[in-house]
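K.L.:
Chains as they are written, first to last, in this note's numbering: chain Z, 1 to 691; chain Y, 1001 to 1691.
1. Name, going along the chain, the residues of the region 1378–1398 of chain Y whose beta-carbon falls closer than 7 Å to a beta-carbon of chain Z.
2. Would you verify that the beta carbon of residue 1218 (chain Y) is, or is not, closer than 8 Å to some beta carbon of chain Z?
3. Can you give the Cα-Cα distance for residue 67 (chain Z) and residue 27 (chain Z), rounded to whole angstroms?
4. Measuring only the C-alpha atoms, how far is residue 78 (chain Z) from residue 587 (chain Z)?
5. Exposed or buried, which one is residue 154 (chain Z) when buried takes at least 16 other CB atoms within 10 Å?
6. Compute the Euclidean distance between the alpha carbons of residue 1165 (chain Y) and residue 1131 (chain Y), then round it to the nearest angstrom.
7. Any contact between the region 615–627 of chain Z and the region 638–651 of chain Z? By contact I mean 3 or more CB pairs, one from each, below 8 Å.
8. Are the C-beta of residue 1674 (chain Y) and some C-beta of chain Z separated by less than 8 Å?
9. List in chain order: all unbroken beta strand (DSSP E) runs of 3+ residues lying wholly within the region 603–648 of chain Z.
10. Could you confirm whether any beta carbon from chain Y is found closer than 8 Å to the beta carbon of residue 692 (chain Z)?
11. Going by DSSP, which residues form a beta bridge with residue 1595 (chain Y)?
12. Can you pull the chain B residues whose beta carbon is under 8 Å from the beta carbon of residue 1632 (chain Y), in chain order?
13. Please list, in chain order, all residues of the same chain as residue 1136 (chain Y) whose beta carbon is under 7 Å from its beta carbon, the five residues on each side excluded.
14. Hey, does residue 1238 (chain Y) have any beta-carbon neighbour from chain Z nearer than 8 Å?
15. What residue range is occupied by the uninterrupted beta strand (DSSP E) comprising residue 40 (chain Z)?
16. Give the C-beta separation of residue 427 (chain Z) and residue 409 (chain Z) to the nearest angstrom, bearing in mind that I take them to be a contact with Cβ-Cβ under 8 Å.
17. Given this structure, state the Cα-to-Cα distance separating residue 547 (chain Z) from residue 579 (chain Z), to the nearest angstrom.
18. Okay, do the region 1312–1330 of chain Y and the region 159–179 of chain Z touch, 3+ Cβ pairs below 8 Å being the bar?
19. Given a threshold of 16 other Cβ atoms within 10 Å of its Cβ, counted over all protein chains shown, does residue 236 (chain Z) qualify as buried or as exposed?
20. Could you give the residue range of the alpha helix (DSSP H) that holds residue 138 (chain Z)?
21. Could you tell me the alpha carbon to alpha carbon distance between residue 252 (chain Z) and residue 1440 (chain Y), rounded to whole angstroms?
22. Residues of chain Y with CB closer than 9 Å to the CB of residue 652 (chain Z), please, in chain order.
23. Would you call residue 276 (chain Z) buried or exposed, if buried means 16 or more other Cβ atoms sit within 10 Å of its Cβ?
24. Anything in the region 1176–1189 of chain Y with a Cβ closer than 8 Å to a Cβ of chain Z? List those residues in chain order, please.
25. With respect to the alpha helix (DSSP H) encompassing residue 160 (chain Z), which residues constitute its N-terminal and C-terminal limits?
26. Considering residue 666 (chain Z), what are the terminal residues of the alpha helix (DSSP H) in which it resides?
27. Determine the extent of the alpha helix (DSSP H) in which residue 1527 (chain Y) is found, giving its start and end residues.
28. What residues match up with residue 1 (chain Z) in a beta bridge as DSSP calls it?
29. Apart from the five residues on each side of it in sequence, which residues of its chain come closer than 8 Å, Cβ to Cβ, to residue 187 (chain Z)?
30. Check the Cβ-Cβ distances between residue 1686 (chain Y) and every residue of chain Z, and say whether any is below 8 Å.
31. Using only the alpha-carbon positions, how far apart do residue 1230 (chain Y) and residue 1201 (chain Y) sit?
32. Buried or exposed: residue 1181 (chain Y), going by 16 or more other Cβ atoms within 10 Å of its Cβ?
33. Sorry if obvious, but does the Cβ on residue 1412 (chain Y) come closer than 7 Å to a heavy atom of the ligand NAD?
34. Buried or exposed: where does residue 1220 (chain Y) fall if 16 or more other Cβ atoms within 10 Å of its Cβ makes it buried?
35. What's the gap between the Cα of residue 1292 (chain Y) and the Cα of residue 1528 (chain Y)?
36. Within 8 Å (strictly less), CB to CB, does residue 1018 (chain Y) reach chain Z?
What follows is the structure in structure tokens.
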């Protein structure tokens, strides 16, 4: 990646002197940003642009350049790539659109280019992107006019969409946040996010990285990078749902991950999950400060109303406002001009017009190890305060820096003071206290999350036995196959047996004990309940026989002609809590485990937590505890807990199963029943799909 | 209120020539805002300020002024009020702090002032506020310097806190939103929010009202005003929780309502519930546009990435992106320069550089009755586009205005274009598409909510029978009293009886049928389960006798010496869903009904919906349907529903009960069981408290 960001010379291919030519925007940006290397505009019509001659062809270059930025019609790009290869130009940035994001012809062109990259050992950023920027050396390759230009600083942006990236660094500039490097991935024909992220994580000029992706390419590698990173990573993946998927696909040819999977991946690897662009801006304002080590904050506010608003926000984001230390309380009591201020937290500075007191308070808070962060709502109330207020602000900022204490400043009313903080003190400020609290939350210190690729734990089941049961042909396992699989995995199901005739079913029911339930067992029948093929509460032999007749009719009416079927007789389990245990395979993150409310509650309660595999029993316990169902299982109001160990063991087994049998696409155990005060669990239904 | 906002002359009391005198800020603002009436600074030391003589006393006024703005030390205020009364100055705005928000002495001063107001028939705004502003006539009474000054416009602000109000109108100015009138309530000694709101709702210069309150004074009247209002009302009440309550109390002496009650009140009366200051700013940007009549939006975006971001936000806020009409799709297909754009919604305008096409698309969307709103992400990509882009923007805005079609514009990258839209076109713009979608959601057309004070429905129970049961002394009813009350109200409980001895209990259990449960019944025992005083699953006489012994021991150990007690024997109910039905009295909004998950689920599931009384059965049905429990009761996956009619009737009964018996403080029926496919409901426990 280094040669992409630090080239000594750049050719810009596709330039003409026509004022609506887009590629000339690249040349304009290189000049505007003060790029110090050589710039060679290239375009078949020749001429001049911004005082530079336009070379008719790359062949006219005096020697190979380090990098070629290409913005020609898509159909010409393969030929340009070929020429670069022949001439030994190894770093290509393609901004042209019209490739796989548009149609099959575009996809074919990408394949052609891929072949050329391999043949000539070239590296390529794009196509269908906005290139890259390095603020250190003025290398600015976007064709669009960047107004306002980014401000130089220490946050790097990787964006699949050039538009989102450039909108954000314009806003960063407005908010006093500086950019170190930017790269627009586009269609990711060659260079993709993980390679760029790894480079930025090592880049000395970068202290935090924002990633905008419309689809994650290799989620497990991304998690591993994030896990090892010492810098904050902000991950924004808005591409969820069908509507967005369509446009994102046509836009940069991406495949969507479920948002909840992204959420789980961020939690497990220590990335911050960004859902709105403004969230990133708020979080980034504190990225230059030490992390917030706990939830105890003190609020200083020049107006009581904004103190209330801040306290409310603290409550919403889970921060505590502990009482002030006795010494600080006494200080405030002494210094309140008319005795109008109470020494509470939040501190309403209302009537204190002596700024020396503000400095004393901030100094005391900086020294106090019981204070994790300071929120300061400041604004001058009268013109005579302006100069003294600025001096006070400067000293407070210096104190907090020296003490490594996070300080989040919201400027009240006055826009000029915002400017002063941002430009003179170098402190990005918040416009509303709610944003400051949100930023503190984003900046909370996290314990290092668990390694994704932990040393392999011993298998909790016999690989051979399980392999014997898994069918070779793709599709859903029949219910009896799935239940036999659970048995081989060591996950308990309710007592059951298979029967082919009413007589066998009645005999089985007698052995299992009444009441029982009957289920139709056929490979093609996936949604049994909806088909009426699950009959509950059968209390005596006649009822079982009657149910057999019903299932036979359903089999005749619903199954494909000639399909084999039988019946599963299962002991009817009373009581307990209905749960869901499941797993599926995410295109980017691999196997994902699900735990939550089962039965009808699955749809209505929306009480599911996800974890990316592998999972050990301790992590599975955390996953369970993260749900409301898990809280109920833990025992409420003095009730005994359910068998959390058995549940976490079952999730761990599913994790191992998915990792060891890549042909398995999904497992859905729903409902599983667990009982407070009783050991074990019982799966009542199982769906398993292989490919 | 009119005389407060349109005085011909104003006295400012408390002014001195000392540069740190705060009251001179009031005079400065009146001059700066161009107030055309007469201004009389008043202060005992005399002198001059801004070229105006300072009168030593109100007595020196040539004639009574229409309004006096007072910012003296608190202790002097009663005397100033008295003088105003004597001189016939009837409108007072007191900005001094140090009253009931500070201490008892301050509260006593307020009482003294209240007496003076009555004696002289005066009206007073404040104390402990920032006064008021009328942008029409330049009447600006805040003492704080307002920089930037508000912009004149059509949004009115009522704020208990002067600080929050002035911070917001500074931000409104920045965002192109204009202020009509502002009033800071402070301690609300006399003028309170509802009177000001009623005035603003009639004010021809005001088209929307924002209310910041740290406590609602008369919530039912507020709801009635909102219900009748034709203008949007934004209600922001951040004061929840103990921490905030303390500061809000010391700040403006308020009493908190539960946030969920405020939420219910907003929903029932058509106010928009604001939780963050920025939410109000976003919503207000569309307040000048027609309401959004449905959830079908079309997104136009100059960059594909921001199109994805917008579609994602639409999904989050519940908007639909329907396919484009065939004609529009064909238009886009024809006009796409390199055929790079697909005619999907969102429309990624990417490669269309011909602005005439943008105008054609917007024109087609304006004509389309199937489109409820247009989201437009626009920004110039190159300098040569600037002028044509602005012309296109102007025409699009005009078309949308003429067609009464809501149009939310987000400006990409370029801050200069924001300025152009705001200042030249008079259109506030959004900085991020997520905000635009949030604003559309806030601006959704609502059907007129139900009247709060509906014509009295016939009572569903006998007033006399219920009155007979309610005790005179305050406190909790015993369990048997509460169950008897339910009987009188016509709400079914599980079959039960009271017993004093083990023999009576066993006999009763035999009549009720096994299994039964036993509960200790004593007035002082409120938390029975936690005390171990509920014994379940008693299957035979010996178990009942044993449980009686246990309860006797608990009674001996836990009850106050000498307190009477007995036992309640209740049939043990199996199955069904555990629910909570309850009611309590909110200090501002009066009786509030609660419905949701009961039993242990009450704590864990947090599945409760609230409604302000009165409630009719149809509204109760909506309340039930608003919960996840209600969705389960409605019958899922082909299950029959529970008896929703009985449940909504029970809620209606509780509503009538609370309204007719003001001494009742709370009713808590938890658990109540309801059963899918079976009529009726059964309360298993009841707590009732009277005062």
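A virtual CB, placed ideally from N, CA and C, is assigned to each residue, including glycine.
P.N.:
A quick look at the data gives this:
1. 1381, 1382, 1383, 1384
2. The sequence position of residue 1218 (chain Y) within the second chain is 218, counting from 1. It does not: the Cβ of residue 1218 (chain Y) has no partner Cβ on chain Z nearer than 8 Å.
3. On the first chain, position 67 is the one that residue 67 (chain Z) refers to. On the first chain, position 27 is the one that residue 27 (chain Z) refers to. Rounded to the nearest angstrom, the two C-alpha atoms are 13 Å apart.
4. Here residue 78 (chain Z) is taken as the residue at index 78 of the first chain, counted from 1. Here residue 587 (chain Z) is taken as the residue at index 587 of the first chain, counted from 1. Distance between the alpha carbons of residue 78 (chain Z) and residue 587 (chain Z): 30 Å.
5. For this step, residue 154 (chain Z) is matched to residue 154 along the first chain. Burial call: buried.
6. By 1-based counting over the second chain, the position of residue 1165 (chain Y) is 165. By 1-based counting over the second chain, the position of residue 1131 (chain Y) is 131. Approximately 11 Å, taken between the alpha carbons.
7. yes
8. What you label residue 1674 (chain Y) is simply residue 674 of the second chain in a count that begins at 1. Closer than 8 Å: no.
9. You should have 608–612.
10. The question about residue 692 (chain Z) has no answer, for chain Z in this structure spans 1 to 691.
11. Taking the first residue of the second chain as 1, we reach residue 1595 (chain Y) at position 595. Answer is Y:1581, Y:1609.
12. The structure shown contains no chain B; the protein chains it does contain are Z and Y.
13. Sequence index remark: in the second chain, residue 1136 (chain Y) carries index 136 (1-based). Hits under 7 Å: 1205.
14. Along the second chain, one-based indexing puts residue 1238 (chain Y) at 238. For residue 1238 (chain Y), the answer is yes, since a Cβ of chain Z falls inside 8 Å of its Cβ.
15. Against the first chain, residue 40 (chain Z) aligns to sequence position 40. Start and end: 38–42.
16. In the first chain, the residue the question calls residue 427 (chain Z) occupies position 427. In the first chain, the residue the question calls residue 409 (chain Z) occupies position 409. Between residue 409 (chain Z) and residue 427 (chain Z) the Cβ distance is about 6 Å, and since that is below 8 Å, they are a contact.
17. Locating residue 547 (chain Z) in the first chain gives position 547, where the first residue counts as 1. Locating residue 579 (chain Z) in the first chain gives position 579, where the first residue counts as 1. Whole-angstrom Cα-Cα distance: 26 Å.
18. no
19. Numbered from 1 along the first chain, position 236 holds the residue referred to as residue 236 (chain Z). Buried, by the Cβ-count rule.
20. Indexing the first chain from 1 puts residue 138 (chain Z) at position 138. Neither: residue 138 (chain Z) is in no alpha helix (DSSP H) and is coded neither H nor E.
21. Against the first chain, residue 252 (chain Z) aligns to sequence position 252. Against the second chain, residue 1440 (chain Y) aligns to sequence position 440. Residue confidence for residue 252 (chain Z) is low, a pLDDT of 48 falling below 50, so the modelled location carries little weight; the figure read from the coordinates is stated next. Rounded to whole angstroms, residue 252 (chain Z) to residue 1440 (chain Y) spans 28 Å at the Cα level.
22. By 1-based counting over the first chain, the position of residue 652 (chain Z) is 652. Within 9 Å of the CB of residue 652 (chain Z), no CB atom of chain Y is found; the nearest one sits about 25 Å away.
23. Numbered from 1 along the first chain, position 276 holds the residue referred to as residue 276 (chain Z). Buried is the call here.
24. none
25. Stepping through the first chain from its first residue, residue 160 (chain Z) is reached at position 160. Careful: residue 160 (chain Z) lies outside any alpha helix (DSSP H) and carries neither H nor E.
26. Locating residue 666 (chain Z) in the first chain gives position 666, where the first residue counts as 1. First-last for residue 666 (chain Z): 664–674, but that is the beta strand (DSSP E), not the alpha helix (DSSP H).
27. By one-based count along the second chain, residue 1527 (chain Y) stands at place 527. Taken as a continuous stretch (DSSP letters only), residue 1527 (chain Y) belongs to no alpha helix (DSSP H), as it is neither H nor E.
28. To locate residue 1 (chain Z), count along the first chain from 1; it is residue 1. Looking at the DSSP assignment, residue 1 (chain Z) forms no beta bridge with any residue, so it has no partner.
29. The residue you call residue 187 (chain Z) lines up with position 187 of the first chain. The answer, listed in chain order, is 99, 100, 101, 110, 126, 127, 128, 129, 252, 253.
30. On the second chain, residue 1686 (chain Y) is found 686 positions in, with the first residue counted as 1. Judged by the 8 Å Cβ criterion, residue 1686 (chain Y) is not in contact with chain Z.
31. By one-based count along the second chain, residue 1230 (chain Y) stands at place 230. By one-based count along the second chain, residue 1201 (chain Y) stands at place 201. Going by the C-alpha atoms only, they are around 8 Å apart.
32. On the second chain, residue 1181 (chain Y) is found 181 positions in, with the first residue counted as 1. Looking at its Cβ environment, which holds 16 or more other Cβ atoms inside 10 Å, residue 1181 (chain Y) is buried.
33. This structure lacks the ligand NAD, and indeed carries no ligand of any kind.
34. Translated into positions along the second chain, residue 1220 (chain Y) becomes position 220. Buried, by the Cβ-count rule.
35. The sequence position of residue 1292 (chain Y) within the second chain is 292, counting from 1. The sequence position of residue 1528 (chain Y) within the second chain is 528, counting from 1. If you take the alpha carbons of residue 1292 (chain Y) and residue 1528 (chain Y), they lie about 51 Å apart.
36. Along the second chain, read from residue 1 onward, the residue named residue 1018 (chain Y) stands at position 18. False, the Cβ-Cβ gap to chain Z never drops below 8 Å.
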